[in-house]
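Chemist: Attaching a single structure in structure tokens format; questions to follow.
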Amino acid sequence: MGFFNFFKQSNINQGIEGYKRTAGAVLLDVRTPQEYQEGHIPESKNVPLQQLDNIVSVAKNKDIPLFVYCYSGSRSRQATGMLQRMGYSKVNNIGGIAAYSGKVEK
Numbered sequence: 001m002g003f004f005n006f007f008k009q010s011n012i013n014q015g016i017e018g019y020k021r022t023a024g025a026v027l028l029d030v031r032t033p034q035e036y037q038e039g040h041i042p043e044s045k046n047v048p049l050q051q052l053d054n055i056v057s058v059a060k061n062k063d064i065p066l067f068v069y070c071y072s073g074s075r076s077r078q079a080t081g082m083l084q085r086m087g088y089s090k091v092n093n094i095g096g097i098a099a100y101s102g103k104v105e106k
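What follows is the structure in structure tokens.
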């Protein structure tokens with residue numbers, strides 16, 4: 001990974017397409033419950049970054065593909081690393097909802 005790749009933003013819209021094409025995948029929103037209630041991507045599950053230990057409530061199997069997003073991509077990057085250290089093998093940071101162009105539900 002080159003230095004500048006660290007600053008490259010994930011494309012959340014492409015990430016959502018990947019999620020939709022992946023059987024059994026979980027779309028994970030790691031924002032606060034309040035942020036989630038203000039608007040989230042349909043089908044997403046809310047497990048805030050600070051409560052990531054509760055991931056088993058939505059993903060018991062560590063081989064389940066996880067597509068992780070937050071507001072800007074920063075918390076989802078942190079969550080991705082934490083989930084990998086917890087043993088989850090298919091974790092994708094898809095970035096921030098701020099760049100999302102699809103439908104949002106409340």
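Just so we're aligned: 3 in full-length UniProt numbering is position 3 of the sequence shown, and the numbers increase by one with no gaps anywhere.
The C-beta atom is built at its ideal place from N, Cα and C for all residues, glycine as well.
In this text the structure is predicted, and so the values were computed from the model without any measurement.
(1) Quick one, which of Ser74, Glu38, Glu105 and Val68 has its alpha-carbon nearest Ala25's?
(2) Please list, in chain order, all residues of the same chain as Gly2 whose beta carbon is under 6 Å from its beta carbon, the five residues on each side excluded.
(3) Pick helix, strand or coil for Asn93, following the three-state DSSP scheme.
(4) By the three-class DSSP mapping on this structure, what secondary structure does Val104 have?
(5) Looking at the unbroken alpha helix (DSSP H) that takes in Leu52, where does it start and where does it end?
(6) Cα separation between Pro48 and Arg21?
Modeler: If we stick to the structure as given:
(1) Considering only Ser74, Glu38, Glu105 and Val68, the residue with the shortest C-alpha distance to Ala25 is Val68.
(2) Summary for Gly2: the model assigns pLDDT 43, below 50, so the residue's position carries little reliability; its value from the coordinates is reported in the next sentence. Within the same chain, no residue comes within 6 Å of Gly2 by CB-CB distance, once the 5 residues on both sides are set aside.
(3) Here Asn93 sits in strand by DSSP.
(4) Of the three classes helix, strand and coil, the one that applies to Val104 here is coil, per DSSP.
(5) Premise fails: Leu52 is in no alpha helix (DSSP H) and is neither H nor E.
(6) Cα to Cα, the separation comes out at about 25 Å.
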